[in-house]
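Novice:
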Amino acid sequence: DAGVIQSPRHEVTEMGQEVTLRCKPISGHNSLFWYRQTMMRGLELLIYFNNNVPIDDSGMPEDRFSAKMPNASFSTLKIQPSEPRDSAVYFCASSPTGDTQYFGPGTRLTVL
Amino acid sequence: GEDVEQSLFLSVREGDSSVINCTYTDSSSTYLYWYKQEPGAGLQLLTYIFSNMDMKQDQRLTVLLNKKDKHLSLRIADTQTGDSAIYFCAEKDYGQNFVFGPGTRLSVLP
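In the order they appear, the protein sequences are chains C and D. Going by the working numbering, the first residue of the first sequence is number 63, and it counts up by one from there. Going by the working numbering, the first residue of the second sequence is number 6, and it counts up by one from there.
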């Protein structure tokens, strides 16, 4: 299995621009998680889905962030408009049962 | 809310054993995990233990759980330079709320 796939691996954008991060979970996994990692705050859970349905989005920092999972093999995390404080590494993880998580390689986002 | 604490740094000599410690506050934890993160990579699930177990061994890795003290440790035997990484402790409750510690940066000295 290819594991969790994320794209792009690196994204550099200017403040105010829209950013879309993409994730393909491991086939057969029914839970998907989006995390943000920064030096200051460590690893933060943003949102997770079960069977494509958002279950808990309490970690989404503000209305500029939105996430979708239109089908079992694809999810997006969108930031509009982006701000410099959004600069971080964003990880997607998937889980077959909800008890173990498998992480993707991450997208390093830099907002200038 | 729930909290997971770890020391931030650990240095050991190649060939020695490493012990990384973690404490957590959630008494309803069901699973506890150890992840490894190498530079520029995602978190790799190393091992996990169910909360009703005391110990789990997997090759060079030994996980010890003291549920009374809410203390988890990861022992790496015969530590190698390839073990240098950040190690994250995490716990999960009965839902799907995963809480991660800040990570322990393990440096293996030749």
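Where is the CB? At the ideal position from N, CA and C, for every residue including glycine.
In chain D, which residues lie with their C-beta within 9 Å of the C-beta of residue 89/C?
Specialist: By Cβ distance, chain D contributes nothing, its closest Cβ being about 17 Å from residue 89/C, past 9 Å.
Novice: Closer than 8 Å, Cβ to Cβ, to anything on chain D: give me those residues from the segment 140-154 of chain C, in chain order.
Specialist: Answer set for the segment 140-154 of chain C: 153.
Novice: When you check each C-beta in the segment 85-112 of chain D against every C-beta of chain C, which residues fall closer than 9 Å?
Specialist: Those residues of the segment 85-112 of chain D that come within reach of chain C (Cβ to Cβ, closer than 9 Å) are 93, 95, 97, 100, 101, 102, 103, 104, 105, 106, 107 and 108.
Novice: For residue 64/D, tell me which candidate among 83/D, 114/D and 73/D has the shortest Cα-Cα distance.
Specialist: For residue 64/D, the nearest C-alpha among the options comes from 83/D.
Novice: Tell me whether residue 86/D sits in a helix, a strand or coil according to DSSP, three-state version.
Specialist: Residue state, collapsed to three classes: helix.
Novice: The beta strand (DSSP E) that contains residue 97/C, what's its start and end?
Specialist: 93-100 is the span of the beta strand (DSSP E), which, as asked, contains residue 97/C.
Novice: Count the other C-beta atoms from every protein chain shown that fall within 10 angstroms of the C-beta of residue 148/C, then say buried if there are 16 or more, exposed otherwise.
Specialist: It counts as buried.
Novice: How close, in whole Å, do the beta carbons of residue 16/D and residue 114/D come, if the pair is a contact with beta carbons under 8 Å?
Specialist: The Cβ separation is near 6 Å, so the contact holds.
Novice: Is the Cβ-Cβ distance between residue 27/D and residue 77/D less than 8 Å?
Specialist: Cβ atoms of residue 27/D and residue 77/D: closer than 8 Å.
Novice: Could you check the C-alpha separation between residue 126/C and residue 101/C for me, to the nearest Å?
Specialist: Computed Cα separation, rounded: 21 Å.
Novice: Going straight from the alpha carbon of residue 31/D to that of residue 73/D, what length do you get?
Specialist: Each residue's alpha carbon lies about 11 Å from the other.
Novice: Rounded to the nearest angstrom, what separates residue 78/C and residue 146/C at their Cα positions?
Specialist: Whole-angstrom Cα-Cα distance: 9 Å.
Novice: Alpha carbon to alpha carbon, how far is residue 46/D from residue 91/D? Give it in angstroms, no decimals.
Specialist: Taking the straight line joining both Cα atoms gives about 11 Å.
Novice: Within 10 angstroms of the Cβ of residue 74/C, are there 16 or more other Cβ atoms? Answer buried if so, exposed if not.
Specialist: Exposed, by the Cβ-count rule.
Novice: For the segment 162-174 of chain C, which residues have a beta carbon sitting closer than 9 Å to at least one beta carbon of chain D?
Specialist: So the list reads 162, 163, 164, 165, 166, 167, 168 and 170, given in the order they occur along the chain.
Novice: If I measure Cβ to Cβ from residue 34/D and keep anything under 7 Å in the same chain, skipping five residues before and after, which residues do I get?
Specialist: These residues qualify, in order along the chain: 56, 96, 97 and 98.
Novice: Go through its chain and collect everything with a Cβ distance to residue 82/C's Cβ below 7 Å, but skip five positions before and after it.
Specialist: Answer for residue 82/C: 138 and 140, listed in chain order.
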